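Asks: So that we are looking at the same thing, I have put the structure below in structure tokens.
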Amino acid sequence: MNVRKKLAVLLALAGMLGFAAPVAVAQENYPSKPIKLIVPWTTAGTVDIVARGLAERLSVKLGVPVVVENKAGATGQIGSLMVSQSPPDGYTLLVMSTTVHTVSPNFSRTFPFDPIDDFTPISQVVTFPYAMVVAANSPYRTVADLAAAAKKEPGKIAYGSFGIGSAPFLMSELFANSTGTKLLHVPYKGASQALTDLMGGQIQFFIDSLPSPLGQIRGGKLRALSVTTAKRSTTLPDVPTMGETLPGFDAIAWLGIAAPPKTPKAVVQKIHAALTEIAAQPDYGTRLRDMGLEPVASPSPEQFRSFLVQQKQYWGDFIRKANLPMVN
């Protein structure tokens, strides 16, 4: 090998080693500075409450501050897009949700990012059912009662949602599809007004994530007819599942943690290990279950990604089969 070729080889090796060494050291020392946990929703909601409790415990596990930042807008898309474009170094994480990453993309022809491939999924952190609720003085005491009334008066039984593409809309249309009924859709800007109108009799039922109406259920202002998961909720064990009346009805809500795409595997594994340990903490579980949530951790980041793919496909198939309208 002549001198020129030897020099080229040595320079190439030096360049490779010079690049690889800092990256390897950075991964080994991770984390060495504060981590941002992006919540793509407003403060004080279920997602924000979960994120802040999780951030506190992650800080202890990882040894650095984990700071929650709310980046709300466009039904969770603004904050999510920001994380998808962040450096893949593990210092910017995202709270993923059912709506943004498996439901809403199926209602849009022009979604601003790939809900799975533009992220590095790490783990689920909580699951929870949706709950079908009616006013405490409602004549409907069971899911079967409500279905019978909807069949008797097509288009007269009204339900609330946050608009086409929202989880309450999808759950209610899944109920309609399962019972062969036609319902009246009434969109709201948020759960507060929908629950107020439900108690006032303007709408007949509302299906939302369990933490949303739980206070009114416990206070006797609302009656829970069912939860949507295959198993009964540990928070409301006396409330039947939707599947007990409509076999096969199974819908679960969840939150998870993701990083930007191409985040190093060693960093992902360190975060996943911390989340797994947190999910097993008894006092953490007790606190979450009191809010209608169940702490979980995915067996692996790869399994979480497979779950996302399956859920997105499941809801996409239903939306197409039911011929539900697109948002754009």
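The opening residue of the sequence shown carries number 1 in our numbering; numbering runs sequentially from there. Glycine included, each C-beta is placed from N, C-alpha and C at the ideal position. Predicted, not measured: the structure shown is a model, and the values here were computed from it.
#1: For residue 67 and residue 326, what's the separation of their Cα atoms in angstroms?
#2: Skipping 5 residues on each side, what residues in its chain have a beta carbon closer than 8 Å to that of residue 239?
#3: Please go through the same chain and pick out, in chain order, the residues whose beta-carbon is closer than 7 Å to the beta-carbon of residue 328, but skip the five residues on each side of it.
#4: Looking at C-beta atoms only, is the number of pairs between the stretch 74-94 and the stretch 298-307 that lie closer than 8 Å three or more?
#5: Taking the C-alpha atoms as reference points, what is the distance between residue 161 and residue 205?
#6: Among 142, 150 and 119, whose alpha-carbon lies nearest the alpha-carbon of residue 259?
#7: What three-state label does DSSP hand residue 256 in the structure shown?
#8: May I have the straight-line CA-CA distance separating residue 64 from residue 147, to the nearest angstrom?
#9: Which of the three DSSP states is assigned to residue 70 in this structure?
#10: DSSP state of residue 153, grouped into three classes?
#11: Check the DSSP bridge columns for residue 185 and list the partner residues they point to.
#12: Which residues in the same chain as residue 313 place their Cβ atom closer than 8 Å to its Cβ, once the five residues preceding and following it in sequence are excluded?
#13: Run the CB neighbour count on residue 317, radius 10 Å, all protein chains shown included, and call it buried at 16 or more, exposed below.
#14: Using the three-state DSSP reduction, which class does residue 197 fall into: helix, strand or coil?
#15: For residue 303, does the count of other Cβ atoms within 10 angstroms reach 16, so buried, or fall short, so exposed?
#16: Measuring straight from C-alpha to C-alpha, what distance separates residue 81 and residue 104?
#17: Considering just the uninterrupted stretch of the beta strand (DSSP E) at residue 237, what are its terminal residues?
#18: What separation, rounded to the nearest whole angstrom, lies between the Cα atoms of residue 21 and residue 191?
#19: Exposed or buried, which one is residue 338 when buried takes at least 16 other CB atoms within 10 Å?
#20: Please state if the CB of residue 249 and the CB of residue 256 are separated by a distance shorter than 7 Å.
#21: Could you please give me the residues that DSSP links to residue 223 through a beta bridge?
#22: Going by the DSSP bridge assignment, what does residue 122 pair with across the sheet?
Replies: The answer reads as follows:
#1: The residue labelled residue 67 in the question sits at position 67 within the sequence shown. The residue labelled residue 326 in the question sits at position 326 within the sequence shown. Approximately 36 Å between the Cα atoms of the pair.
#2: Against the sequence shown, residue 239 aligns to sequence position 239. Closer than 8 Å at the Cβ level, and outside the excluded window around residue 239, lie 131, 224, 225, 226, 227, 232 and 233.
#3: Stepping through the sequence shown from its first residue, residue 328 is reached at position 328. Listed in chain order, the non-local C-beta contacts of residue 328 below 7 Å within the same chain comprise 108, 109 and 110, local neighbours out to five positions each way being set aside.
#4: Touching, no.
#5: Indexing the sequence shown from 1 puts residue 161 at position 161. Indexing the sequence shown from 1 puts residue 205 at position 205. Going by C-alpha positions, residue 161 is about 10 Å away from residue 205.
#6: The residue given as residue 259 occupies position 259 in the sequence shown. The shortest C-alpha to C-alpha distance from residue 259 to any of 142, 150 and 119 is the one to 119.
#7: For this step, residue 256 is matched to residue 256 along the sequence shown. The three-state secondary structure of residue 256, taken from DSSP, is strand.
#8: For the purposes of this step, residue 64 is taken as residue 64 along the sequence shown, with counting starting at 1. For the purposes of this step, residue 147 is taken as residue 147 along the sequence shown, with counting starting at 1. Note on geometry: alpha-carbon atoms of residue 64 and residue 147 lie some 52 Å from one another.
#9: Within the sequence shown, the letter at position 70 stands for residue 70. Annotated three-state conformation of residue 70 is strand, per DSSP.
#10: Walking along the sequence shown from the start, residue 153 turns up at place 153. Of the three classes helix, strand and coil, the one that applies to residue 153 here is coil, per DSSP.
#11: Reading the sequence shown from its first residue, position 185 is the one you call residue 185. Per DSSP, 159.
#12: Taking the first residue of the sequence shown as 1, we reach residue 313 at position 313. Excluding sequence neighbours, residue 313 sits near nothing in its chain.
#13: Indexing the sequence shown from 1 puts residue 317 at position 317. Exposed, because fewer than 16 other Cβ atoms sit within 10 Å of the Cβ of residue 317.
#14: Position 197 of the sequence shown, counting from 1, holds the residue named residue 197. In the structure shown, residue 197 sits in a helix (DSSP, three-state: H, G or I).
#15: Locating residue 303 in the sequence shown gives position 303, counting from the first residue. Classification for residue 303: exposed.
#16: Residue 81 sits at position 81 when you count from the first residue of the sequence shown. Residue 104 sits at position 104 when you count from the first residue of the sequence shown. Residue 81 and residue 104: Cα-Cα distance of roughly 14 Å.
#17: For the purposes of this step, residue 237 is taken as residue 237 along the sequence shown, with counting starting at 1. Run containing residue 237: none; DSSP gives neither H nor E here.
#18: What you label residue 21 is simply residue 21 of the sequence shown in a count that begins at 1. What you label residue 191 is simply residue 191 of the sequence shown in a count that begins at 1. For residue 21, the pLDDT reaches just 44, beneath the cut-off of 50, and the residue's location in the model is therefore unreliable, leaving the point undetermined.
#19: Residue 338 cannot be examined here, being either before or after the span of the chain that is shown, 1 to 328.
#20: On the sequence shown, position 256 is the one that residue 256 refers to. On the sequence shown, position 249 is the one that residue 249 refers to. No, Cβ-Cβ distance for residue 256 and residue 249 is not below 7 Å.
#21: Numbered from 1 along the sequence shown, position 223 holds the residue referred to as residue 223. In the DSSP output, where bridge partners are listed per residue, residue 223 has 134.
#22: For the purposes of this step, residue 122 is taken as the residue at position 122 of the sequence shown. DSSP links residue 122 through a beta bridge to no other residue.
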